[in-house]
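Take a look at the structure below.
Numbering (my numbering), first residue to last: 42 to 326.
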């Protein structure tokens, strides 16, 4: 039947369907857990850069385990030496993902998870355009229509309909200080969402370039190791710029990161749930 979805092509195995659903669940839970870990003032009582860095360490450990399943663990050192150029090239996406992951905490302190994830979907639009330009991959009419609808949806989400109400009140004889029907809410937080989106898109495109280009002959798990090693360095550099490289790993600082409270249980905001460390790791895996 024309236009019908070929589910077998979309999900060749049951495991692929499980992975797809699991990714969605973990992706959504990441925002929920990060928001749940905030104080009543929408701030964090722990160093968010430390959480990102520890997440990268955990992902590095997982990648090494997957590599060691089929290869001698010592051969990883030889891979690092023989592919030093690829290791250095991975600093580009690692740097952008460093910004992306840290901006997630900043933006989730300004937006609720639903708004945050809706606005973040604009990265699909940017990625589609970049892929068409860089890889000369032509988008179909349906794909362009989807991108346009997604863009319009993001714009509507930021429309301030309160001005429309003010305008209607003015027509009924009440004064109004607004001369327009709508107000588009463009502020620093929206700009940070856009920066986060751009970082995600260009990091993804560059990563695709490495996978299909200079790193095509390198084991996928070795490339993951490269990515996470570089990400650890980038986040350590960010801690250094904060002047908190050593303090971030003190017993007190780490205890605040690993404190866990169940977010499902109704509790005061002063009690925190620092589950984003595991949530971020599981999401990327």
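Even glycine gets a Cβ: it sits at the ideal position worked out from N, Cα and C.
What is the DSSP secondary structure of residue i, reduced to helix, strand or coil?
i: residue 53; result: coil
i: residue 180; result: coil
i: residue 237; result: helix
i: residue 260; result: coil
i: residue 173; result: helix
i: residue 80; result: coil
i: residue 230; result: helix
i: residue 207; result: Low per-residue confidence applies at residue 207: pLDDT is 47, beneath 50, and the placement is therefore not dependable enough to give any value.
i: residue 255; result: coil
i: residue 299; result: helix
i: residue 69; result: helix
i: residue 113; result: coil
i: residue 124; result: coil
Could you check whether residue j and residue i sit closer than 7 Å to each other, using their CB atoms as the reference points?
i: residue 285; j: residue 132; result: no
i: residue 298; j: residue 92; result: yes
i: residue 160; j: residue 234; result: yes
i: residue 8; j: residue 76; result: A question about residue 8 goes unanswered here, because the residues of the chain that appear run from 42 up to 326.
i: residue 162; j: residue 191; result: yes
i: residue 267; j: residue 128; result: yes
i: residue 294; j: residue 230; result: no
i: residue 292; j: residue 88; result: no
i: residue 188; j: residue 169; result: yes
i: residue 238; j: residue 167; result: yes
Measuring alpha carbon to alpha carbon, tell me which residue in the options is nearest residue i.
i: residue 264; options: 281, 126, 287, 186; result: 126
i: residue 241; options: 129, 165, 273, 109; result: 165
i: residue 279; options: 75, 70, 142, 71; result: 142
i: residue 35; options: 137, 246, 236; result: Here the chain comprises residues numbered 42 to 326, so residue 35 is not present and cannot be evaluated.
i: residue 248; options: 291, 184, 137, 276; result: 137
i: residue 90; options: 273, 129, 111; result: 273
i: residue 84; options: 188, 172, 146; result: 146
i: residue 109; options: 293, 261, 290; result: 261
i: residue 117; options: 80, 259, 300; result: 259
i: residue 139; options: 269, 300, 296, 287; result: 269
i: residue 69; options: 157, 122, 51, 78; result: 157
Quick check on the burial criterion: 16 or more other C-beta atoms within 10 angstroms. Buried or exposed for residue i?
i: residue 257; result: exposed
i: residue 282; result: exposed
i: residue 72; result: buried
i: residue 97; result: buried
i: residue 61; result: exposed
i: residue 120; result: buried
i: residue 135; result: buried
i: residue 155; result: exposed
i: residue 47; result: exposed
i: residue 179; result: exposed
Enumerated in chain order, which unbroken segments of the alpha helix (DSSP H) with a length of 4 residues or greater are wholly contained in the region 263-293?
none
Could you pull out every unbroken alpha helix (DSSP H) segment of at least 4 residues lying fully inside the region 132-169, listed in chain order?
132-149, 154-161
Going residue by residue through the region 85-109, where are the continuous beta strand (DSSP E) segments of at least 3 residues, counting only ones entirely within it?
none
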